[in-house]
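Asks:
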Amino acid sequence: MQAPEAPEARLARAVRAAEQALIEFEIAVETFRVEVENFSRLHHQKLGPMYARLDELDALIAEARAARTGDPDDLRKAREARAMVMPMPGVDELFHSWIDSEGLSPEAAAMLNEQPVQTPKRVRPSDEVRRVYRDLVRRAHPDLATEEGERKRRDEFITRVNAAYARGDEALLRELAEEWAAGPAPAVPLLSESEELYARLEWLAHRKELLAAAARELEDSAIGAMLRMAPDDPDRLLDEVAEQLLAQVSEREAELAGLTGSPHQP
């Protein structure tokens with residue numbers, strides 16, 4: 002008869018399965034985080050000027066109405082509307098130079114007039130970049146370390162890997178893969194087998210909780226919600242929102258023209 006499996010062996014097998022599951026979960030969370038970040042950047046570049054134009058038109062409409070009526074309530078609303086379009090810290094960074102101290106940039110004005118403009122730079126990792134990234138993370142992930150010094154080394158390395166992936170830099174990812182392959186072997190565990198296994202299980206459970214919280218935060222964000230609405234074609238969703246905003250701009254401009262007696266151009 003076959004000898005019964007030692008408890009440590011069963012525990013070790015469970016730990017390995019938990020490690021791999023956690024790594025796959027972390028890859029999924031990081032992949033989604035990059036998608037959210039890239040979509041957020043594209044969202045601000047493409048739609049930011051339209052939102053700014055709507056705020057400006059709302060202020061102009063409120064000011065025109067207040068000038069007509071002189072009503073204190075209308076004057077208050079005009080001041081509040083104008084305050085909404087006051088420069089805010091970081092506005093240049095937020096809209097990636099679409100708006101400056103002079104107002105809308107030529108690219109933004111052209112877009113609002115439905116003229117062709119240069120497509121905002123996009124960083125969307127290709128399938129091959131995703132494959133290289135996932136393979137590298139599975140081999141170098143900090144969760145596979147069994148000693149604090151090795152964990153730190155892996156943490157620093159994976160930070161570089163994530164940065165390269167976020168830029169869609171396939172060449173750098175391949176260089177990092179070669180660097181990892183030539184690196185030192187994992188350190189020998191200093192704890193006893195049972196102590197190490199139980200410590201790993203405890204750490205893995207804590208790490209899973211942190212990742213789950215990060216995933217929920219991404220999914221609950223406004224950009225995350227938009228991505229879930231059109232995961233296969235987010236550009237189409239941006240185009241639809243852009244069409245809606247352009248229609249709102251036209252409505253506001255018509256309303257302003259009715260108040261002032263002349264069309265208002267961007």
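Residue numbers (this note's numbering): 2 to 267. Heads up, the beta-carbon is just placed ideally off N, CA and C, and yes, glycines get one too. Fair warning: this is a prediction, and the values are worked out from it, not measured in the lab.
#1: So H142 is in the alpha helix (DSSP H); what residue range does that whole segment cover?
#2: Run through DSSP, which three-state label would M51 get?
#3: Any idea if P73 is buried or exposed, counting beta-carbon neighbours within 10 angstroms, 16 or more meaning buried?
#4: In this structure, how does DSSP classify S251 when only helix, strand and coil are distinguished?
#5: Does the stretch 32-39 touch the stretch 218-238, meaning 3 or more C-beta pairs lie closer than 8 Å?
#6: Return yes when the Cβ of L55 is within less than 8 Å of the Cβ of R253, no when it is not.
#7: I need the boundaries of the alpha helix (DSSP H) containing D274, first residue and last residue.
#8: Which residues mark the beginning and the end of the alpha helix (DSSP H) in which A178 is found?
#9: Can you give the beta carbon distance from V162 to L145, rounded, assuming they're within the 8 Å contact cut?
#10: Residues in its own chain within less than 7 Å of A213 by CB, not counting five upstream and five downstream?
#11: Note down the Cα distance separating L113 from L246, rounded to an integer number of angstroms.
#12: When the Cα of L23 is compared with those of A226, D236 and L205, which residue comes out closest?
#13: How is R168 classed by DSSP in three states: helix, strand or coil?
#14: If we count the other Cβ atoms within 10 Å of its Cβ and call it buried at 16 or more, is E64 buried or exposed?
#15: Check this for me: beta carbons of V133 and L174, under 8 Å apart or not?
#16: Only counting the same chain, and skipping five residues up and downstream in sequence, which positions put a Cβ closer than 6 Å to that of R83?
#17: Check each candidate in Y52, G225 and H207 and name the one with the smallest Cα separation from E31.
#18: Quick test of your reading: I62 and L260, contact by CB under 8 Å. State the CB separation rounded to the nearest angstrom.
#19: Note down, in chain order, each residue of its chain lying with its Cβ closer than 6 Å to the Cβ of H142, except the 5 sequence neighbours on either side.
#20: Considering just the uninterrupted stretch of the alpha helix (DSSP H) at D75, what are its terminal residues?
#21: For G150, which three-state DSSP category applies?
#22: With distance defined between alpha-carbon atoms, name the residue in R14, A19 and M51 nearest to D240.
#23: From the DSSP output, in three-state form, read off S41 for me.
#24: Express the C-alpha separation of D236 and R42 in angstroms, rounding to a whole number.
#25: Under the rule that 16 or more other beta-carbon atoms within 10 Å means buried, what is P8, buried or exposed?
#26: Mark P5 as exposed unless 16 or more other C-beta atoms lie within 10 angstroms of its C-beta, in which case mark it buried.
Replies: According to the structure shown:
#1: Numbered from its first residue, the sequence shown carries residue 142 at position 141. No alpha helix (DSSP H) holds H142; DSSP gives it neither H nor E.
#2: Here residue 51 is taken as the residue at index 50 of the sequence shown, counted from 1. Note: M51 maps to helix in three-state DSSP.
#3: If you number the sequence shown from 1, residue 73 lands on position 72. It is exposed - the Cβ of P73 has fewer than 16 other Cβ atoms within 10 Å.
#4: Working through the sequence shown from its first residue, we reach residue 251 at position 250. In this structure, S251 counts as helix in the three-state DSSP scheme.
#5: Three or more Cβ pairs closer than 8 Å define a contact, and the stretch 218-238 meets that threshold against the stretch 32-39.
#6: On the sequence shown, residue 253 is found 252 positions in, with the first residue counted as 1. On the sequence shown, residue 55 is found 54 positions in, with the first residue counted as 1. Yes, the pair counts as a contact, with Cβ atoms nearer than the cut-off.
#7: Residue coverage of the chain in this structure runs from 2 to 267, which leaves residue 274 outside it and unanswerable.
#8: Numbered from 1 along the sequence shown, position 177 holds the residue referred to as residue 178. Start and end: E171 to A182.
#9: Indexing the sequence shown from 1 puts residue 162 at position 161. Indexing the sequence shown from 1 puts residue 145 at position 144. Wrong, their Cβ atoms sit about 14 Å apart, outside the cutoff.
#10: Along the sequence shown, read from residue 1 onward, the residue named residue 213 stands at position 212. No residues qualify anywhere along the chain.
#11: Here residue 113 is taken as the residue at index 112 of the sequence shown, counted from 1. Here residue 246 is taken as the residue at index 245 of the sequence shown, counted from 1. At L113, the pLDDT of 46 sits below 50, so the modelled position is not reliable; the number obtained from the coordinates is stated separately. Their Cα atoms are separated by approximately 9 Å.
#12: In the sequence shown, residue 23 corresponds to position 22, counting from 1. Out of A226, D236 and L205, L205 has the C-alpha closest to the C-alpha of L23.
#13: Taking the sequence shown and counting its residues from 1, one reaches residue 168 at position 167. Residue state, collapsed to three classes: coil.
#14: Numbered from 1 along the sequence shown, position 63 holds the residue referred to as residue 64. Counting the other CB atoms within 10 Å of its CB gives E64 a total of 16 or more, which places it among the buried residues.
#15: Looking up residue 133 in the sequence shown gives position 132. Looking up residue 174 in the sequence shown gives position 173. Contact check for V133 against L174 passes: the beta carbons are separated by less than 8 Å.
#16: As a position in the sequence shown, residue 83 is number 82, starting the count at 1. Excluding sequence neighbours, R83 sits near A60.
#17: Translated into the one-based positions of the sequence shown, residue 31 becomes position 30. Just measuring C-alpha positions, the residue of Y52, G225 and H207 sitting nearest E31 is G225.
#18: Position 61 of the sequence shown, counted from the first residue, corresponds to residue 62. Position 259 of the sequence shown, counted from the first residue, corresponds to residue 260. Between I62 and L260 a beta carbon distance of about 6 Å is seen, short of the 8 Å cut, so the two are scored as contacting.
#19: Within the sequence shown, the letter at position 141 stands for residue 142. Within the same chain, H142 has close Cβ partners I24.
#20: In the sequence shown, residue 75 corresponds to position 74, counting from 1. Start and end: P73 to A84.
#21: The residue labelled residue 150 in the question sits at position 149 within the sequence shown. When secondary structure is reduced to three states using DSSP, G150 falls in the helix class.
#22: Taking the first residue of the sequence shown as 1, we reach residue 240 at position 239. Comparing Cα-Cα distances from D240 to each of R14, A19 and M51, the minimum goes to M51.
#23: Numbered from 1 along the sequence shown, position 40 holds the residue referred to as residue 41. Reduced to three states, the DSSP call for S41 is helix.
#24: One-based indexing of the sequence shown puts residue 42 at position 41. One-based indexing of the sequence shown puts residue 236 at position 235. C-alpha separation (whole angstroms): 12 Å.
#25: On the sequence shown, position 7 is the one that residue 8 refers to. It is exposed - the Cβ of P8 has fewer than 16 other Cβ atoms within 10 Å.
#26: By one-based count along the sequence shown, residue 5 stands at place 4. Counting Cβ neighbours within 10 Å, P5 comes out exposed, since fewer than 16 surround it.
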